[in-house]
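Enquirer: So in this note's numbering the end of the sequence shown lands on 678, straight run, no missing numbers.
Right, I'll just put the structure down here and ask away after.
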Amino acid sequence: MEGKLPEVRLASTPFRVESPYEPAGDQPQAIEALADGVRRGLRYQNLLGVTGSGKTFTMAKVIEAVQKPTLVMAPNKTLAAQLAAELKEFFPHNAVVYFVSYYDYYQPEAYVPSTDTFIEKDASINEEVEKLRHAATSSLLSRRDIIVVASVSCIYGIGSPMDYAGMAVFLDKEKAAERDDVIHGLIDIQYDRNDYELKRGTFRVRGDALDVFPPYADNPVRIEFWGDEIESIREIDNVTGETLNEYEALPIWPASHYVTARPKMDRAIKSIQDELRDRLAQFKEEGKLLEAQRLEMRVNYDLEMLETMGFCSGIENYSRHLDGRNPGEPAYTLLDYFPDDFLCIIDESHVTVPQIRGMHEGDRSRKVTLAEHGFRLPSCLDNRPLRFDEFEQRIPQFIYVSATPGDYEEKVTQNQVEQIIRPTGLLDPEIIVRPIASQIDDIIEEAKERAERDERVLITTLTKKMAEDLTDHLLDQGVRARYMHSDIATLERVEILSALRKGEFDVLVGINLLREGLDLPEVSLVAILDADKEGFLRNHRSLIQTIGRAARNASGQVIMYADKMTDSMDTAISETRRRRALQMRYNEEHGITPQTVRKAINDVMGFMSDGDGNEVGSAEDVNKTLADLSRSEVMRVISSMEEAMAAASANMDFEEAARL
Numbered sequence: 019m020e021g022k023l024p025e026v027r028l029a030s031t032p033f034r035v036e037s038p039y040e041p042a043g044d045q046p047q048a049i050e051a052l053a054d055g056v057r058r059g060l061r062y063q064n065l066l067g068v069t070g071s072g073k074t075f076t077m078a079k080v081i082e083a084v085q086k087p088t089l090v091m092a093p094n095k096t097l098a099a100q101l102a103a104e105l106k107e108f109f110p111h112n113a114v115v116y117f118v119s120y121y122d123y124y125q126p127e128a129y130v131p132s133t134d135t136f137i138e139k140d141a142s143i144n145e146e147v148e149k150l151r152h153a154a155t156s157s158l159l160s161r162r163d164i165i166v167v168a169s170v171s172c173i174y175g176i177g178s179p180m181d182y183a184g185m186a187v188f189l190d191k192e193k194a195a196e197r198d199d200v201i202h203g204l205i206d207i208q209y210d211r212n213d214y215e216l217k218r219g220t221f222r223v224r225g226d227a228l229d230v231f232p233p234y235a236d237n238p239v240r241i242e243f244w245g246d247e248i249e250s251i252r253e254i255d256n257v258t259g260e261t262l263n264e265y266e267a268l269p270i271w272p273a274s275h276y277v278t279a280r281p282k283m284d285r286a287i288k289s290i291q292d293e294l295r296d297r298l299a300q301f302k303e304e305g306k307l308l309e310a311q312r313l314e315m316r317v318n319y320d321l322e323m324l325e326t327m328g329f330c331s332g333i334e335n336y337s338r339h340l341d342g343r344n345p346g347e348p349a350y351t352l353l354d355y356f357p358d359d360f361l362c363i364i365d366e367s368h369v370t371v372p373q374i375r376g377m378h379e380g381d382r383s384r385k386v387t388l389a390e391h392g393f394r395l396p397s398c399l400d401n402r403p404l405r406f407d408e409f410e411q412r413i414p415q416f417i418y419v420s421a422t423p424g425d426y427e428e429k430v431t432q433n434q435v436e437q438i439i440r441p442t443g444l445l446d447p448e449i450i451v452r453p454i455a456s457q458i459d460d461i462i463e464e465a466k467e468r469a470e471r472d473e474r475v476l477i478t479t480l481t482k483k484m485a486e487d488l489t490d491h492l493l494d495q496g497v498r499a500r501y502m503h504s505d506i507a508t509l510e511r512v513e514i515l516s517a518l519r520k521g522e523f524d525v526l527v528g529i530n531l532l533r534e535g536l537d538l539p540e541v542s543l544v545a546i547l548d549a550d551k552e553g554f555l556r557n558h559r560s561l562i563q564t565i566g567r568a569a570r571n572a573s574g575q576v577i578m579y580a581d582k583m584t585d586s587m588d589t590a591i592s593e594t595r596r597r598r599a600l601q602m603r604y605n606e607e608h609g610i611t612p613q614t615v616r617k618a619i620n621d622v623m624g625f626m627s628d629g630d631g632n633e634v635g636s637a638e639d640v641n642k643t644l645a646d647l648s649r650s651e652v653m654r655v656i657s658s659m660e661e662a663m664a665a666a667s668a669n670m671d672f673e674e675a676a677r678l
């Protein structure tokens, strides 16, 4: 692989947490212990923090204390969005960026030999999330005060940071620059010229003015030339052209993460041709003439595109050649964009660590089949997610965060820090065990009682079918209930949880989604059906996580329905009682009366958006806030709504167009 990343980082603002709260409960000692561990160079630390103990605030204060660029990993997009939104509030003057897969829908290319079926790659890209990914890489190369909140997507290939940084177009008013040279530079890094519609990843030319809309920016940049000098560099409003910021110097980062300089591209093309020649010879020797013909046609077409355009569909499958890597070496990932001394915090580590471990094998098995049947060159196998050992090699220091650390985290940790006491004084819930025979009737009675008190109930089942059937039965009995499982789209899940908190229904039935990270203070009862059925959904970690959903309410209770006490139940109940005893003792010593958290029902999806990320509210919503906006912001709202109205009309959705 190539050498060291070019040093292009600019001045940064120190990390500073802004919050009306001071650390409380176990937070002060946890912050000090973890920050001290980072300063002492400890590689592995654990924060065992119970639900509702303010682990995100502790993370923020540790980042502030150690002043290191930080990667925060979460097990899914929803939790990553929630974390990013919270950290953005804590660090309003620093860069908090969100890095997840930009696909709303993704079907990877695959081949099924048994039916001779080739499945083309099909994907729907979320432009807003793509913007945030570019914001992450460009910020990593230009400042140190950065927190990247990412899903496991960060261990997948993303293109060489050396090429990304080395090919950026650096604008400087003090240095000579011809307009045409800047234009050629932009074309080399995958910007398209579009003099009619300026959108992300394009530029337009108007006389001596050049407007560029970087994919990571909210607004375009206007560069004005005077001969061979840059007269001004300004960020402008995309609708009104009003100047928003002025710069003396500014880097324009590539429009794609897969950019390659021409000499390097020529070497890559030759390397691909050499591999193709060897592979065709092998296929012909084995009598696989169909595979040989298929591969030759496909690769030659891709080579022609690379030669003329510098890009082709599925370019990531040639990343080994483009990067100049040896066979078997891993692709560059987001981790390679970080400086050498960064910190990695893995949230809900008991879920995230196994996720990271599992990515490599699933990816490999699919690509082996493609290569064997002539759909891809064998080098496509090197465009892969990192193996766990490769992931670990790239991380200088870890802090694993979980209420239930996994076996691996417990084994490697050099410093286990507990955060048992909540700042609110809330206790872990009381646990009651009842027989299975009467579980359904008992739940109905409990749910109705909670509904009268304006409290909510979570019920966990073992199967999707049971969740759906139980929901139907509850509705028949007059209980307002809904279900949630993996067949429900991510955005719809968030809407369901928000509706539960608002009291639009009282009981939510689920399977495995009602565990990590859900912040539902209105929930006073969690019912665990068939708690004695040992397995993944009823092991001690799953049980403790599920119990934690009732820990944000002063009346929190958990009912386990079981006919026998399993080892997992015993472990979960014992640990919960241990924590509860510590919390009660602390409250008595400090005269604290537990109070249910009163938390605003915010949309945690500020970093996530449906479709293309350009959702617009109704006219009523806009009118409520129109008086608070500046003229340029009003113009942006009008323009955005006009675009949405035109799109709705084009789709024959005249009701939506009229609403807008």
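Backbone N, C-alpha and C fix where the C-beta goes; we use that ideal spot for every residue, glycine too.
When DSSP labels each residue in this structure, what does Glu253 get in the three-state scheme?
Expert: Position 235 of the sequence shown, counted from the start, is the residue given in the question as residue 253. In this structure, Glu253 counts as strand in the three-state DSSP scheme.
Enquirer: By the DSSP assignment, the beta strand (DSSP E) with His542 in it spans what residues?
Expert: Taking the sequence shown and counting its residues from 1, one reaches residue 542 at position 524. For the sequence presented, residue 542 should be read as Ser rather than His. From DSSP, the beta strand (DSSP E) with Ser542 extends over Val541 to Ile546.
Enquirer: In or out: Thr155 buried (at least 16 other Cβ within 10 Å) or exposed?
Expert: On the sequence shown, residue 155 is found 137 positions in, with the first residue counted as 1. Label assigned to Thr155: buried.
Enquirer: Near Asp320, which residues of its chain fall below 6 Å by C-beta distance, leaving aside the five closest residues on each side in sequence?
Expert: Looking up residue 320 in the sequence shown gives position 302. Correct list, in chain order: Cys330.
Enquirer: Who does Trp244 pair with in a DSSP beta bridge?
Expert: For this step, residue 244 is matched to residue 226 along the sequence shown. Per DSSP, Glu247.
Enquirer: What does the Cβ neighbour count give for Met327, buried or exposed, with the cut at 16 atoms within 10 Å?
Expert: On the sequence shown, position 309 is the one that residue 327 refers to. It counts as exposed.
Enquirer: Could you tell me whether any Cβ in chain B is nearer than 8 Å to the Cβ of Tyr62?
Expert: Chain labels in this structure do not include chain B; a single protein chain is all it has.
Enquirer: What are the start and end residues of the alpha helix (DSSP H) that includes Ser383?
Expert: One-based indexing of the sequence shown puts residue 383 at position 365. Here the alpha helix (DSSP H) through Ser383 covers Ser367 to Glu390.
Enquirer: If I follow the unbroken alpha helix (DSSP H) through Ala98, where does it start and stop?
Expert: In the sequence shown, counting from the first residue as 1, residue 98 sits at position 80. Unbroken alpha helix (DSSP H) run through Ala98: Lys95 to Phe108.
Enquirer: Provide the residue span of the beta strand (DSSP E) that contains Val230, from first to last.
Expert: The residue given as residue 230 occupies position 212 in the sequence shown. Its beta strand (DSSP E) spans residues Ala227 to Phe231.
Enquirer: I'd like to confirm the pairing. Which residues does DSSP put opposite Thr261 in its beta bridges?
Expert: Numbered from 1 along the sequence shown, position 243 holds the residue referred to as residue 261. Thr261 pairs with Ile254.
Enquirer: Use the C-beta contact count for Leu308: other C-beta atoms within 10 angstroms, 16 or more gives buried, fewer gives exposed.
Expert: Reading the sequence shown from its first residue, position 290 is the one you call residue 308. Leu308 is exposed by the Cβ-count criterion.
Enquirer: What number of angstroms, rounded off, separates the C-alpha of Arg556 from the C-alpha of Met587?
Expert: Indexing the sequence shown from 1 puts residue 556 at position 538. Indexing the sequence shown from 1 puts residue 587 at position 569. In a straight line, the C-alpha of Arg556 is about 8 Å away from that of Met587.
Enquirer: Give me the Cα-Cα distance between Gly635 and Gly342, rounded to the nearest whole angstrom.
Expert: The residue labelled residue 635 in the question sits at position 617 within the sequence shown. The residue labelled residue 342 in the question sits at position 324 within the sequence shown. Reliability of the predicted coordinates at Gly635 is poor, the pLDDT of 37 falling under 50, and the value obtained from them is presented with this limitation in mind. Their backbone Cα atoms lie some 48 Å apart in a straight line.
Enquirer: Could you tell me whether any non-hydrogen atom of the ligand SAM is closer than 7 Å to the CB of Gln208?
Expert: Only the bare structure without any ligand can be found here, which leaves the ligand SAM out of the picture.
Enquirer: With a CB to CB cut of under 6 Å and the five nearest residues on each side skipped, what residues in its chain are close to Ala51?
Expert: Translated into the one-based positions of the sequence shown, residue 51 becomes position 33. Counting only Cβ-Cβ distances below 6 Å, and skipping sequence neighbours, we find Val435.
Enquirer: Once you ignore the five residues that flank Val576 on each side, which residues in its own chain have a CB closer than 6 Å to its CB?
Expert: Looking up residue 576 in the sequence shown gives position 558. Taken in chain order, the residues that qualify are Pro447, Ile449, Val544, Ile565 and Ala568.
Enquirer: DSSP beta-bridge partners for Ala349?
Expert: The sequence position of residue 349 within the sequence shown is 331, counting from 1. According to DSSP, which records beta bridges pairwise, Ala349 is partnered with nothing at all.
Enquirer: So Arg252 and Glu264 are supposed to be a Cβ contact under 8 Å. How far apart are they, rounded?
Expert: Numbered from 1 along the sequence shown, position 234 holds the residue referred to as residue 252. Numbered from 1 along the sequence shown, position 246 holds the residue referred to as residue 264. Between Glu264 and Arg252 the Cβ distance is about 5 Å, and since that is below 8 Å, they are a contact.
Enquirer: Could you compute how far the alpha carbon of Asp226 sits from the alpha carbon of Asp206?
Expert: Translated into the one-based positions of the sequence shown, residue 226 becomes position 208. Translated into the one-based positions of the sequence shown, residue 206 becomes position 188. Their backbone Cα atoms lie some 20 Å apart in a straight line.
Enquirer: Which two residues bound the contiguous alpha helix (DSSP H) that contains Ser586?
Expert: Looking up residue 586 in the sequence shown gives position 568. Per DSSP, Ser586 belongs to the alpha helix (DSSP H) from Asp585 to His608.
Enquirer: DSSP beta-bridge partners for Ala194?
Expert: As a first step, residue 194 is located in the sequence shown; it is residue number 176 there, counting from the start. For Ala194, which the question treats as bridged, DSSP gives the partners Glu247.
Enquirer: Under DSSP, the alpha helix (DSSP H) around Ser337 begins and ends at which residues?
Expert: Stepping through the sequence shown from its first residue, residue 337 is reached at position 319. Start and end: Ser337 to Asp341.
Enquirer: Where does Ala168 sit, in a helix, a strand or coil, going by DSSP?
Expert: To locate residue 168, count along the sequence shown from 1; it is residue 150. Three-state DSSP puts Ala168 in a strand.
Enquirer: Leaving out five residues on either side along the sequence, give the residues of the same chain with a beta carbon under 7 Å from the beta carbon of Thr88.
Expert: For the purposes of this step, residue 88 is taken as residue 70 along the sequence shown, with counting starting at 1. Correct list, in chain order: Ile81, Ile165, Phe360, Leu361 and Ile363.
Enquirer: By Cβ distance, which residues of its chain are closer than 6 Å to Pro269, with the 5 residues on each side in sequence left out?
Expert: Residue 269 sits at position 251 when you count from the first residue of the sequence shown. Excluding sequence neighbours, Pro269 sits near Ala186 and Phe188.
Enquirer: Give the secondary structure of Tyr327 by DSSP, where H, G and I count as helix, E and B as strand, and everything else as coil.
Expert: Taking the first residue of the sequence shown as position 1, residue 327 is located at position 309. Checking the displayed sequence, the identity of residue 327 turns out to be Met instead of Tyr. If DSSP states are grouped into helix, strand and coil, Met327 belongs with the helices.
Enquirer: Where do the ends of the alpha helix (DSSP H) carrying Thr74 lie?
Expert: Translated into positions along the sequence shown, residue 74 becomes position 56. Segment Lys73 to Val84, the alpha helix (DSSP H) holding Thr74.
Enquirer: Under 8 Å, do Ala92 and Thr431 count as touching if we go by C-beta distance?
Expert: Residue mapping note: residue 92 aligns to position 74 of the sequence shown, counting from 1. Residue mapping note: residue 431 aligns to position 413 of the sequence shown, counting from 1. No. Outside cutoff.
Enquirer: Measuring CB atoms only, is the stretch 490-509 touching the stretch 546-563, in the sense that at least three cross pairs come out at less than 8 Å?
Expert: The stretch 490-509 is not in contact with the stretch 546-563.
Enquirer: So what's Gly55 in DSSP terms, helix, strand or just coil?
Expert: Taking the first residue of the sequence shown as 1, we reach residue 55 at position 37. DSSP places Gly55 in helix when its eight states are reduced to three.
Enquirer: Assign Ser420 to one of three DSSP states: helix, strand, or coil.
Expert: Within the sequence shown, residue 420 is the residue found at index 402, counting from 1. Of the three classes helix, strand and coil, the one that applies to Ser420 here is strand, per DSSP.
Enquirer: How would you write the range of the alpha helix (DSSP H) that Leu488 sits in, first residue to last?
Expert: Looking up residue 488 in the sequence shown gives position 470. Here the alpha helix (DSSP H) through Leu488 covers Lys482 to Asp494.
Enquirer: Rounded to whole angstroms, what's the CA-CA distance from Pro233 to Leu399? Just pull it up for me.
Expert: Walking along the sequence shown from the start, residue 233 turns up at place 215. Walking along the sequence shown from the start, residue 399 turns up at place 381. For Pro233 and Leu399, the distance between alpha carbons rounds to 29 Å.
Enquirer: Could you name the residues of the same chain whose beta carbon sits closer than 8 Å to that of Ala48, not counting the 5 residues immediately before and after it, in chain order?
Expert: Here residue 48 refers to the residue found at position 30 when the sequence shown is read from its first residue. Cβ within range, chain order: Leu65, Gly67, Thr76, Val435, Glu436 and Gln437.
Enquirer: To which residues of the same chain is Ala421 closer than 8 Å at the C-beta, ignoring the five residues directly before and after it?
Expert: In the sequence shown, the residue the question calls residue 421 occupies position 403. Contacts found: Leu66, Gly67, Val68, Thr69, Ile562, Gln563 and Gly566.
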